[in-house]
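Numbering (full-length UniProt numbering), first residue to last: 1 to 158.
Note that the Cβ used here is the ideal one computed from N, Cα and C, for glycine as well.
Here's the structure we're looking at; comments come further down.
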């Protein structure tokens with residue numbers, strides 16, 4: 001049998017949704033003796049969900065405290081400001097407790113070396129993202145490179 005027409009054949013069916021009766025469903029949870037598996041699994045899932053939400057809430061609070069922009073204080077006033085973000089990797093030992101040195105190289109000129117002291121040793125921890133406001137005496141133009149180093153005063157992993 002060969003057909004020459006290009007009609008589309010389709011079919012389908014509709015399943016009407018079940019009505020939800022919260023009072024009758026709540027009464028089913030009172031029958032723990034006859035149906036313990038469903039009630040216990042529902043309780044375990046709710047308990048796990050609450051534990052995960054508490055953990056996520058604590059992590060959010062911790063991250064909110066870390067959302068800070070540090071201003072690197074130069075030895076003299078600097079009228080031009082640049083925002084720099086330094087991110088450390090997630091690999092074990094990717095952070096450092098050393099003081100970090102930073103220099104911006106632009107198309108017109110370069111900034112001086114800026115020392116970022118790592119007070120407390122938790123500024124450049126593993127998986128961190130830190131933001132800094134770096135000052136310059138004159139406009140650097142388009143920033144082409146950023147030089148980063150450390151002074152080996154702590155435990156450098158870089």
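Reduced DSSP category for residue 140 - H, G, I as helix; E, B as strand; rest coil: coil
DSSP state of residue 100 mapped onto helix, strand, coil: strand
Beta-carbon proximity check, residue 134 vs residue 52, cutoff 8 Å: no
Same chain, Cβ closer than 7 Å to residue 117, five either side skipped, listed in chain order: Apart from the 5 residues on each side of it in sequence, residue 117 sits with its Cβ closer than 7 Å to the Cβ of 99 in its chain, given in chain order.
Euclidean distance between Cα positions of residue 46 and residue 138: 59 Å
Simplified DSSP state of residue 76, which is helix, strand or coil: Coil.
Distance, residue 33 Cα to residue 64 Cα: Residue 64 and residue 33 have their C-alpha atoms roughly 46 Å apart.
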